Each structure stands twice: as C-alpha cells, then as structure tokens.
Amino acid sequence: MRCKDFRPRIHEFLDAHLSASEMALMEAHRANCDRCNEYYQDLHFVRQAVSEKIFLPESSVRSILARVSEGKRPLLLTWLSSLRSKWVDFRRDLEPASFWAKAGALPISMVFFALLFVNLAPIRVERIAYLIVSVPPWTVDNAGTPVVLSVEVVQDSGKLADLVDTAWRLPYEDSLALVAEIKPEGHAEIDRVLEFPRSYALLDAVGSTLRESRFEKVGDLARPFLIYSFQKIDVYEQQGL
Amino acid sequence: MSEMTRPISPEDTFNQGDRLVVSLQEGDERAFAEAFHLYKDMVYSLAYKVLTNKAEALDVTQEVFLTVFRKIGSFRAECSLKTWIYRVTISHAASRNRWWKRRFWSRTTSLDLGLQSGNGTRPLDLPGRNRSAARECYSKELRDVLSESLRQLSFEQRVAVVLCDLEGRTYDEIAEVTGVSIGTVKSRIARGREKLRDLLKDFRGGESL
Numbered sequence: 001m002r003c004k005d006f007r008p009r010i011h012e013f014l015d016a017h018l019s020a021s022e023m024a025l026m027e028a029h030r031a032n033c034d035r036c037n038e039y040y041q042d043l044h045f046v047r048q049a050v051s052e053k054i055f056l057p058e059s060s061v062r063s064i065l066a067r068v069s070e071g072k073r074p075l076l077l078t079w080l081s082s083l084r085s086k087w088v089d090f091r092r093d094l095e096p097a098s099f100w101a102k103a104g105a106l107p108i109s110m111v112f113f114a115l116l117f118v119n120l121a122p123i124r125v126e127r128i129a130y131l132i133v134s135v136p137p138w139t140v141d142n143a144g145t146p147v148v149l150s151v152e153v154v155q156d157s158g159k160l161a162d163l164v165d166t167a168w169r170l171p172y173e174d175s176l177a178l179v180a181e182i183k184p185e186g187h188a189e190i191d192r193v194l195e196f197p198r199s200y201a202l203l204d205a206v207g208s209t210l211r212e213s214r215f216e217k218v219g220d221l222a223r224p225f226l227i228y229s230f231q232k233i234d235v236y237e238q239q240g241l
Numbered sequence: 242m243s244e245m246t247r248p249i250s251p252e253d254t255f256n257q258g259d260r261l262v263v264s265l266q267e268g269d270e271r272a273f274a275e276a277f278h279l280y281k282d283m284v285y286s287l288a289y290k291v292l293t294n295k296a297e298a299l300d301v302t303q304e305v306f307l308t309v310f311r312k313i314g315s316f317r318a319e320c321s322l323k324t325w326i327y328r329v330t331i332s333h334a335a336s337r338n339r340w341w342k343r344r345f346w347s348r349t350t351s352l353d354l355g356l357q358s359g360n361g362t363r364p365l366d367l368p369g370r371n372r373s374a375a376r377e378c379y380s381k382e383l384r385d386v387l388s389e390s391l392r393q394l395s396f397e398q399r400v401a402v403v404l405c406d407l408e409g410r411t412y413d414e415i416a417e418v419t420g421v422s423i424g425t426v427k428s429r430i431a432r433g434r435e436k437l438r439d440l441l442k443d444f445r446g447g448e449s450l
C-alpha cells in the first residue's frame, strides 16, 4: 500500500470501519511510513480529545428532574406551558432590537396611522383634478416674442379620458401639454412638460402667463392641487399688430 | 445452558429498550427516572460538545427530556429509543445553534486572528501551555482549546465528528440520525477532523505530560 491509498481511508481506519484484511494492510503501511504515522497520530489525538466523556453535573441532575416532572402536568397546563415556551422561543429567535429601533418604531407607526386617518392628500389619489386649459390666439410683439394674453379653463372634470378626448377635438396648429401646479397664492407654475410646442418661446410665454394668472377655485377642490393641463394652442403666424 | 445463566445478548438489550419504551408510554414514573439516568450523560455530553457551552447544554438536556417524555406516545419503533433521543438532542441543539449564531456570531473570535497579527504560533490568547503544569491542568486546558476549535467547525461537521468520536456511532447510524447519505457523513467527519487537526496541532506536544 502506498501513501496515496492510505490517506483517503485514514478516517475509516481510525474508526475501524474496514474489513480485517484492509485494517491489517493499513496498519502495515502505518508502521513503515513515518509521515503517514505522524498524520495518523495527529488525527488519533483529535479523536481522543473529542471522545472525552462529560458527565451531567450532579447539582443539575436534581433541578432538571424537577423541571421535567413539572412539565408532566395535566394536558391543559402542559399545552399552555408549551404555548408559553413556544412564545419564549419565538421571542428569543427574534433579533434583539436595539433601543433606537424600538424608539423609532413607535413615532413612525403613529405618523403612518395619523396620515391614514386625517386623509392627507398624498394618499388620496382620487382628489387629483384634471383640467383642460386653452391658450387663446396669441400675438407677437415687435421683438417677435409671443405674447399670451390669458389662459382659460375650458373644461374640468375628474375623468382624464374625457378630457383627452375633448382636448383632441379642439382646433390647433401647435400643441403643448404640460402639468401645472396651482400654488396656494392663486397662480400656477409649470411642473413638467409632457409635449413640447414647436416654439420654445411659446412655452415661456405660457409659463409666464400661468404665473400671472389667478385661479380662484379649481373644480370642486378645496385646496390647490397638481393640475394636468392639456393645451391646444392655435397659432396665428405673423398675426401681430 | 440454563435460562438463568445465559449471558446478556444484544437481543436482550433491545428487548430491555423495548420494555422501557412500553413503560414510558404507559406513564410509569420509575421508567422516567430510569430513562433519565440511562441517557442523561449521553444527551449532556453530546449537547455540550456540539454547542461548546455549558449553560446551553444544560438547557438543551432539560428540553430534550421534556420532549422525550411528552412525545413518547407518538414514538414508533422505527428506530431505537437511543437513536430517537439522539435525533431529539440534535434538533434541539440545532435550533439553539441557529439562535446563538444569529445573536452572538459577530462576537466570536476567529482562531486565525492571532496568526494574522503575526505574533507567533499561538493563535488565540488561550491559557499558556506550561509543560511542568499538572496533568489535570492540561486536560482542562485541552477541553477549552477543543471547545474553541470545535466552534470553528460548521454545525453539521461538529455533529458528525462528535457522534462518531464521542458516541462511537457507525457511519450508517450517523446517517440515520442526521438524515443525510453515508458519503456526506464521511466527508463531514473527514473535513471536521482535518480542521481540528490543524487547530490542535500546536497543542499536541503536551500530550506526553
């Protein structure tokens, strides 16, 4: 037998899980090979160390016996106590929460439920209103800058699909779709542009007109909201004075 | 040979175990005491070596006997009582181990730390090995070092090595208890022992004390 045959079977040899003839072969190799013998001795030492018996301390025997016989109570009590021990196990299995986690969880959950109950706007999607705002024929000043005199609310409704339909039916030559937000002060500001017009100057003009306009009340909303505005703008080239 | 003088055969021990199960299932108090005294050290030492912690081992021992006495009614003789108790012990130890690992794994220290800091051959700051120390001191120290080393093994490796070396179970029995194939058992034992060999290598010189 050679070392490369001896090494893979060394654990079975240690545990005497080989046949008598194989054991004899292994033993013969061990006697002749110093390195394998050294290796064997190391593992044998490990085996010896692990195999050291440990005895249940006498002081614990009585307390364990007492607690075990306590556990053999009538069925209902046993069931209740097993439920309790399951709960204790469950609690123990949870990650120990830090003080800050506990301290943080309470206000966060309070704020969450408060938000739910006071009907704060960000949660209530249905209160967003959609409006069609049209920009009537506009003029160009001497410098060629578009001048938008007013922005009018054509229609407001809660249904976006209806509004899109209406918007398509408006006469137009250039179109612009944007989202404007009506500020508490009464004017509106462009939030984002969905569809750009051919002329960026027109976008600026609509923007400044929205800033100067007053929107007293938007639909049936008590407070100003995000407004989706679909503008159909009739462009009259060189219509200027 | 007369019936009285016949030596005890393995069949008798089997029947004895069988009788013990029947008595336990009937709720016989004496059978409980007998089973406890028969298996207490086995359960405790298995739990101790697998969990490497005395307090945990005591808790597991108590839980195991509670489970054994409560569930003995549902025990079917598909395996021996001893194998069943091994299984119960290992499952309790495994749940303890999971909890322990989650809670304290970050606080354990690797044996390699000392090596990485480059201060010689003694890995951890384990109690110094003094050749002139008394033999019992050495074996106490060995137990500490072994516990520390066993902690470096995976839970499965520890179970396989301990069942094999401490309890002297065969690979078949370990496979039955842990529910894995014999090949897996062999490789767990081999890897576990090799790792322990590396970790205890430094310590072996004191064996001759």
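Same order as they appear, the protein sequences are chains L and Y.
Note that the numbering used here has the first sequence beginning at 1, numbered continuously upward.
Note that the numbering used here has the second sequence beginning at 242, numbered continuously upward.
The beta carbon of each residue, even a glycine, is placed where N, CA and C say it ideally should be.
Keep in mind that this is a model prediction, so the values were computed, not measured.
Neighbour flag for residue i against chain Y, beta carbons, 8 Å
i                   : result
alanine 49(L)       : yes
proline 122(L)      : Per-residue confidence for proline 122(L) stands at a pLDDT of 44, beneath the threshold of 50, marking its modelled position as unreliable; the derived number appears in the next sentence. For proline 122(L), the answer is no, since every Cβ of chain Y falls outside 8 Å of its Cβ.
serine 60(L)        : yes
leucine 43(L)       : yes
valine 88(L)        : no
lysine 102(L)       : no
arginine 7(L)       : no
phenylalanine 13(L) : no
histidine 187(L)    : no
lysine 4(L)         : no
histidine 17(L)     : yes
aspartate 34(L)     : no
leucine 65(L)       : yes
arginine 92(L)      : yes
phenylalanine 55(L) : yes
valine 68(L)        : yes
Integer Cβ distance of residue i from residue j, believed to fall under 8 Å
i                    : j                    : result
isoleucine 326(Y)    : valine 284(Y)        : 6 Å
alanine 180(L)       : leucine 210(L)       : 6 Å
aspartate 42(L)      : arginine 384(Y)      : About 18 Å separates the two Cβ atoms, so there is no contact after all.
glutamine 398(Y)     : leucine 440(Y)       : With 8 Å as the limit, glutamine 398(Y) and leucine 440(Y) do not qualify as a contact, their Cβ atoms being about 12 Å apart.
serine 213(L)        : histidine 187(L)     : 6 Å
alanine 177(L)       : glutamate 189(L)     : Contact flag wrong, Cβ pair sits at about 16 Å.
glutamate 36(L)      : histidine 44(L)      : Going by the sequence as given, residue 36(L) is cysteine instead of glutamate. That belief does not hold up - the Cβ atoms of cysteine 36(L) and histidine 44(L) are roughly 12 Å apart, past 8 Å.
threonine 411(Y)     : histidine 17(L)      : 7 Å
threonine 330(Y)     : valine 301(Y)        : 7 Å
valine 386(Y)        : phenylalanine 444(Y) : 6 Å
phenylalanine 306(Y) : isoleucine 64(L)     : 7 Å
valine 15(L)         : cysteine 405(Y)      : Looking at the sequence provided, one finds aspartate at residue 15(L) rather than valine. Right, their Cβ atoms sit about 6 Å apart.
Any chain L beta carbon closer than 8 Å to residue i
i                    : result
valine 400(Y)        : no
glutamine 303(Y)     : yes
tyrosine 285(Y)      : yes
alanine 334(Y)       : no
threonine 411(Y)     : yes
arginine 328(Y)      : no
lysine 290(Y)        : yes
valine 403(Y)        : yes
arginine 438(Y)      : yes
tryptophan 325(Y)    : no
aspartate 385(Y)     : no
alanine 431(Y)       : yes
threonine 362(Y)     : With a pLDDT of 40 at threonine 362(Y), under the threshold of 50, the modelled position of that residue is not reliable, and the figure given next carries that caveat. Chain L contact via Cβ: absent.
lysine 312(Y)        : no
phenylalanine 396(Y) : no
lysine 427(Y)        : yes
arginine 271(Y)      : no
leucine 367(Y)       : Because the pLDDT at leucine 367(Y) is just 44, under 50, the model does not fix this residue reliably, and the value given afterwards should be weighed accordingly. It does not; no Cβ of chain L falls within 8 Å.
alanine 374(Y)       : Residue placement at alanine 374(Y) cannot be trusted, given a pLDDT of 48 that sits under 50; the coordinates are not used to answer.
lysine 381(Y)        : no
arginine 445(Y)      : yes
phenylalanine 279(Y) : Here residue 279(Y) turns out to be leucine, not phenylalanine, going by the sequence shown. Not one chain L Cβ lies under 8 Å of leucine 279(Y).
### Task
Decide if the segment 269-289 of chain Y is in contact with the segment 318-337 of chain Y; the criterion is three or more beta carbon pairs, one per stretch, under 8 Å apart.
Contact holds: three or more Cβ-Cβ distances are below 8 Å.
### Three or more C-beta pairs below 8 Å linking the segment 42-54 of chain L and the segment 418-438 of chain Y
yes
### Query
How do the segment 1-9 of chain L and the segment 421-430 of chain Y stand: do at least 3 beta-carbon pairs fall below 8 Å, yes or no?
In short, these stretches do not touch, since the Cβ pair count stays below three.
### Message
Could you tell me which whole beta strand (DSSP E) segments of length 3 or greater appear in the segment 370-428 of chain Y?
### Response
none
### Message
Could you check whether the segment 302-312 of chain Y touches the segment 265-282 of chain Y, counting it as contact only if at least three pairs of C-beta atoms, one from each stretch, sit closer than 8 Å?
### Response
yes
### Query
Where are the alpha helix (DSSP H) runs, 4 residues long or more, that stay fully inside the segment 30-55 of chain L, in chain order?
34-50
#### Entry: Length at least 4, wholly inside the segment 256-316 of chain Y: the alpha helix (DSSP H) runs in chain order
270-292 and 295-312
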